[in-house]
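Enquirer: So in the working numbering, spot 398 of the sequence shown is number 399, and the numbers just go up one at a time.
The beta-carbon is built from N, C-alpha and C at its ideal position, and this holds for glycine as well.
Please read these numbers as outputs of a predicted model, since none were measured by experiment.
Dumping the structure here so I can ask a few things about it.
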Amino acid sequence: MRNQQKTAEQRKVNTKGKNLLIILALITLLLASIYQHFSNKEDILSLLQQGEPAATEFKEISGVYKTYELWDEHGNFLSYGVIASASGYGGPITVLTFVDQEGLISNALLLEDSETPLYLKRVLAAGYPENLRGKIISEPLENQQGIDAISGATRTVEGIILAVEKGMYQIGQNQLGLSIPNLNTFYFQWQDGLVILLLVTAICAATFKKRKLRPWILVAAVFILGFMENNSLTIGNYMSILTLKMPTFFERPIWYVMVVGILFVTLFWGRNIYCSWLCPFGAVQEGIYKSLNLVDYKPNPKVIRISRKSQWFFLWLAALLALVFNNPGIASFEPFAVFFNGDGNSSQWIMMGLILLFAIFLLRFWCRLFCPVGTFLDFTALCKGKFRKFLTKKRENDEKARATSCQEKGAPCSREKTEEVQFSNGDKAVAVGVFIIWVLILGALVQNLGLF
């Protein structure tokens with residue numbers, strides 16, 4: 002009886018400790034969100050002087066996008082400044098564009114973005130947006146010389162160009178009275194149609210329990226979502242929602258289909274269909290395991306349990322960094338882009354190699370032990386059941402009922418007699434691999450911050 006009471010008390014202490022950690026985690030995220038809100042405010046004049054240093058006075062004029070007339074200390078007109086945003090890969094890209102009276106771009110500054118730092122560095126190294134200086138505002142930028150696409154960062158470049166075009170066309174039409182072309186802000190390609198078809202097929206197959214179609218759908222996901230579109234879901238996608246830095250619907254409709262669509266399907270259906278039916282990286286790991294695994298290895302449950310608990314820590318850390326630095330792209334530490342597009346920091350490259358190695362011995366190694374997207378979607382799927390229990394007031398406490406049953410029968414609970422499974426050499430190797438990947442995840446986040 003005393004042992005049973007001690008066990009019950011220990012469970013209460015563990016539950017209180019767990020609840021305290023959850024509360025502290027939520028408080029830190031709330032404080033980070035408040036910090037993000039107030040730190041984003043900047044003096045308009047100092048902002049305009051970054052692109053027009055001689056400006057001492059400005060006047061805001063009407064327009065869809067914030068537009069300013071700039072003068073120097075002698076009252077001479079300098080240029081127009083306009084702030085406009087467009088959708089990049091990770092979310093909105095905001096650019097401050099300066100246009101002179103001759104209808105030429107005099108300067109362009111990148112003010113804010115939601116891109117993965119590695120891709121953005123590549124774009125900045127190619128000269129964007131400074132290479133837009135001197136371009137004529139009455140013609141589409143992509144038709145003018147010196148505007149080149151950047152391999153692996155096409156959507157980022159398109160977002161910068163579209164943001165500049167939005168601003169320069171407004172000035173050209175409203176302030177300079179120029180004839181300007183129509184601006185296309187709706188982007189939907191045939192590849193996006195394939196993504197939607199694949200998503201609908203997976204939902205239908207899962208609904209009608211057509212398990213025989215699952216391998217074929219996963220193969221299609223590898224080629225369409227993986228290699229063709231490089232459109233694997235990342236935690237950075239959902240951090241875009243948390244930080245309110247989502248792309249515009251008409252500019253990135255496929256983003257809403259994938260990110261928001263899968264979130265709602267998971268929430269209302271109560272099933273994580275993406276991870277089991279659509280995840281291209283999960284499909285690759287599953288293929289490696291089924292084709293190369295020759296060892297009947299069953300990992301120690303303790304290793305799996307501890308590693309799975311760490312998923313919440315890295316999910317919280319990614320969310321915290323995204324809020325503090327106001328960039329959801331920082332949160333994406335997954336190795337998906339490395340595998341499917343050959344893009345990533347050094348930590349992600351090493352991480353990918355280790356994951357593919359351990360995937361030979363453990364089915365879906367990354368998915369089971371580390372993936373933040375899977376953790377988030379699994380939790381979302383559970384919300385339906387928990388909400389239903391809340392509405393029907395049928396909460397059950399299995400642990401308490403189990404303990405009561407043991408006391409009534411005067412028999413010890415079987416959990417107290419659970420024997421510790423000894424760590425095998427394979428378990429030790431997996432534990433070392435898990436620890437190394439933890440370090441690499443931290444390294445990937447630090448590299449995303451641009452610290453090294």
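(1) Short of 6 angstroms in beta carbon distance, which residues of its chain neighbour Val-431, apart from the five on each side in sequence? Order them along the chain.
(2) Let me know if Trp-191 comes out buried or exposed under the rule of 16 or more other beta-carbons within 10 Å of its beta-carbon.
(3) DSSP puts Thr-98 in a beta bridge; with which residues?
(4) For Glu-58, list the residues DSSP reports as bridge partners.
(5) Alpha carbon to alpha carbon, what distance is there between Asn-132 and Gly-147?
(6) Please classify Ser-406 as buried or exposed, where buried requires at least 16 neighbouring CB atoms within 10 angstroms.
(7) In whole angstroms, what separates the C-alpha of Ser-47 from that of Gly-427?
(8) Can you list, in chain order, the residues of its chain with a C-beta nearer than 6 angstroms to that of Thr-235? Leave out the 5 residues immediately preceding and following it.
(9) Bridge partners for Lys-67 per DSSP, in chain order?
(10) Starting from the Cα of Gly-104, find the closest Cα among Ile-274, Ser-277, Tyr-81 and give me that residue.
(11) Going by the beta-carbon positions, is the gap between Ile-106 and Gly-135 smaller than 8 angstroms?
(12) Under the three-state reduction of DSSP, which class applies to Phe-269: helix, strand or coil?
(13) Could you check what DSSP says for Phe-78 in three-state terms: helix, strand or coil?
(14) Quick one: grab the DSSP three-state call for Ile-137.
(15) May I have the straight-line CA-CA distance separating Thr-57 from Thr-68, to the nearest angstrom?
(16) Indicate whether Thr-98 and Gly-168 have their beta-carbon atoms separated by less than 8 angstroms.
(17) Roughly how many angstroms lie between the CA atoms of Tyr-36 and Leu-324, to the nearest whole one?
(18) If the criterion is Cβ atoms closer than 8 angstroms, does the pair Gln-171 and Val-96 meet it?
(19) Shortest alpha-carbon distance to Glu-1 belongs to which of Glu-53, Gly-91, Ala-87?
(20) Going by other Cβ atoms of all chains shown within 10 Å of its Cβ, with 16 needed for buried, is Thr-381 buried or exposed?
(21) Where does Phe-189 land, buried or exposed, given buried means 16+ other C-beta within 10 angstroms?
(22) If you drop the 5 nearest sequence neighbours on each side, which residues of the same chain put their C-beta closer than 6 angstroms to that of Ala-338?
(23) How should Cys-384 be labelled, buried or exposed, when 16 other C-beta atoms within 10 angstroms of its C-beta is the threshold for buried?
(24) In angstroms, rounded to a whole number, what distance separates the CA positions of Asn-342 and Ala-222?
(25) Compare the Cα-Cα distances from Leu-71 to each of Ser-86, Phe-362, Gln-50 and report the closest residue.
(26) Rounding to the nearest angstrom, what Cα-Cα distance links Asn-294 and Ala-319 in this structure?
(27) Alpha carbon to alpha carbon, how far is Lys-246 from Ala-360?
(28) How big is the Cα-Cα spacing for Asp-114 and Asp-297?
(29) Have a look at the DSSP bridge pairing and note the partners of Pro-93.
(30) Considering only the beta carbon of each residue, do Ile-218 and Trp-278 sit closer than 8 angstroms?
(31) For Leu-30 and Phe-315, what's the separation of their Cα atoms in angstroms?
(32) Would you decide whether Asn-144 is buried or exposed? Buried here means 16 or more other CB atoms lie within 10 Å of its CB.
(33) Less than 8 angstroms separating the beta-carbons of Ser-139 and Ile-197?
(34) Using a 10 Å radius around the Cβ and a threshold of 16 neighbouring Cβ atoms, would you call Phe-282 buried or exposed?
(35) Alpha helix (DSSP H) containing Asp-428: first to last residue?
(36) Just how far apart, CA to CA, sit Lys-395 and Arg-272?
Expert: Reading off the structure:
(1) Pro-300, Val-304
(2) exposed
(3) Val-83, Ala-109
(4) Trp-72
(5) 7 angstroms
(6) Reliability of the predicted coordinates at Ser-406 is poor, the pLDDT of 39 falling under 50, and the value obtained from them is presented with this limitation in mind. Result: exposed.
(7) 60 angstroms
(8) Ser-333, Glu-335
(9) Ile-84
(10) Tyr-81
(11) yes
(12) helix
(13) strand
(14) strand
(15) 16 angstroms
(16) yes
(17) 8 angstroms
(18) no
(19) Within the shown structure, residues of the chain are numbered from 2 to 453, placing residue 1 beyond reach of any answer.
(20) buried
(21) exposed
(22) Asp-344, Gly-345
(23) exposed
(24) 15 angstroms
(25) Gln-50
(26) 33 angstroms
(27) 34 angstroms
(28) 47 angstroms
(29) Ser-88
(30) yes
(31) 13 angstroms
(32) exposed
(33) no
(34) buried
(35) 426-449
(36) Its pLDDT being 49, under 50, Lys-395 is placed unreliably in this model, and the coordinates cannot settle the point.
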